[in-house]
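Residue numbers (UniProt numbering): 8 to 271. Just so you know, even glycine gets a beta-carbon here, dropped at the ideal spot from N, CA and C. Below is one structure, written out as structure tokens; the observations come after it.
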Amino acid sequence: LSGLMAGKRGLIMGVANDKSIAWGIARAVAAAGGEVAFTYQGDALGKRVRPLAESIGSDIVLPCDVSDPASIDAAFAALKEKWDTIDFIVHAIGYSDKNELRGRYLDTSPENFAMSMNISVYSFTAVAQRAEKMMTSGGSMLTLSYYGAEKVMPHYNVMGVAKAALEASVKYMANDLGPDNIRVNAISAGPIKTLAASGIGDFRYILKWNEYNSPMRRNVTIDDVGRSGLYFLSDLSSGVTGETHHVDCGYHTVGMKQVDAPDI
Ligand code: NAD
């Protein structure tokens with residue numbers, strides 16, 4: 008795959024540490040010869056992201072809190088000083104109050120509903136508005152979703168509603184940006200143990216359930232998602248847009264528990 012991303016450069020948002028899905032994608036892009044800039048949220052995460060960026064030869068590491076439009080503007084202004092144009096962006100950002108990622112969806116507060124939708128859904132649109140201006144000869148935008156958008160998952164609650172809205176926004180953005188040869192897609196990743204996932208109630212049970220019941224009888228890794236990310240960010244997917252693509256060891260195809268799965 009080396010050379011697949013040669014001559015392409017872009018921004019990856021959402022690396023918190025070396026367990027992050029965004030890091031799996033960044034590593035795959037770098038291995039394929041692409042250049043990557045990063046954003047991080049807050050100084051504590053910045054300290055983690057900088058050495059990771061350096062390890063793949065990147066020195067563009069910018070703060071960005073997507074809940075603050077001025078912060079998004081500042082990140083893109085700083086990026087523009089380094090690079091005049093970009094070819095791709097990765098939005099691997101989601102957030103909800105973990106107190107509401109357990110119990111009933113019905114009990115979601117209006118404050119957390121609005122915040123979850125703003126950070127987990129609208130921020131992709133807000134980022135795309137800025138990125139569009141830097142994609143003068145086409146490009147690829149990628150976000151991350153989860154099967155909880157399509158089917159009810161215990162504890163996923165408002166994040167499921169947010170991911171459904173995110174997947175719909177992928178289609179609307181794909182239609183708006185298609186004439187400019189900018190493609191917009193989502194990867195619906197199977198469960199992976201990351202910082203964000205640790206906020207979801209009973210996450211270890213969800214991991215075990217997926218491992219025992221997916222067709223491949225295992226969970227995906229950030230490298231699995233990274234390689235599929237490479238497909239979307241490169242010209243291999245030049246005719247694909249508005250798509251939500253499952254990278255979940257096939258879990259979404261299964262209708263009931265596997266006969267050989269333990270009763271967990
Ligand atoms: P992660 O904790 O490594 O990444 C989440 C990122 O969101 C962090 O880098 C965090 O800083 C960032 N973020 C949160 N609020 C922000 C804000 N206001 N401004 C800027 N950044 C902010 O976890 P992850 O699992 O790699 O999550 C990446 C994406 O993948 C999320 O959208 C998540 O919903 C999605 N996803 C995760 C899984 C899973 O099981 N881990 C499965 C499917 C989809």
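Say whether the region 260-271 touches the region 44-51, bearing in mind that this needs 3 or more beta-carbon pairs closer than 8 Å, one atom from each stretch. no
Under the three-state DSSP convention, the category T46 falls into: Position 39 of the sequence shown, counting from 1, holds the residue named residue 46. Of the three classes helix, strand and coil, the one that applies to T46 here is strand, per DSSP.
Go ahead and pull the three-state DSSP assignment for I96. As a first step, residue 96 must be located in the sequence shown, where it is residue number 89. Of the three classes helix, strand and coil, the one that applies to I96 here is strand, per DSSP.
- Would you call the CB atoms of I19 and I28 closer than 8 Å? Residue numbering aside, residue 19 sits at position 12 when the sequence shown is read from its first letter. Residue numbering aside, residue 28 sits at position 21 when the sequence shown is read from its first letter. Going by C-beta atoms, I19 is not nearer than 8 Å to I28.
Check your understanding: Just how far apart, CA to CA, sit A121 and D25?
Key -> The residue given as residue 121 occupies position 114 in the sequence shown. The residue given as residue 25 occupies position 18 in the sequence shown. Rounded to the nearest angstrom, the two C-alpha atoms are 29 Å apart.
- Task: Measure the Cβ-Cβ separation of L237 and A193 and say whether it is below 8 Å.
- Result: Numbered from 1 along the sequence shown, position 230 holds the residue referred to as residue 237. Numbered from 1 along the sequence shown, position 186 holds the residue referred to as residue 193. Their beta carbons are not under 8 Å apart, which means L237 does not touch A193 by this criterion.
Within the present structure, is the beta-carbon of L240 separated from the nearest heavy atom of the ligand NAD by less than 7 Å?
Taking the first residue of the sequence shown as 1, we reach residue 240 at position 233. Not under cutoff, so the answer is no.
Could you tell me the alpha carbon to alpha carbon distance between G167 and K54, rounded to whole angstroms?
Taking the first residue of the sequence shown as position 1, residue 167 is located at position 160. Taking the first residue of the sequence shown as position 1, residue 54 is located at position 47. Approximately 31 Å, taken between the alpha carbons.
*Start-to-end residues for the alpha helix (DSSP H) that takes in R111*: Sequence index remark: in the sequence shown, residue 111 carries index 104 (1-based). Where R111 is concerned, there is no enclosing alpha helix (DSSP H), given that its DSSP letter is neither H nor E.
Note to self: For M180, count the other beta carbons within 10 Å of its own beta carbon; 16 or more makes it buried, fewer makes it exposed. Which is it?
What the structure shows: As a working note, residue 180 is residue 173 in the sequence shown. Classification of M180: buried, given that the 10 Å Cβ count is 16 or more.
H162 (DSSP reduced to helix, strand or coil): Within the sequence shown, the letter at position 155 stands for residue 162. Coil.
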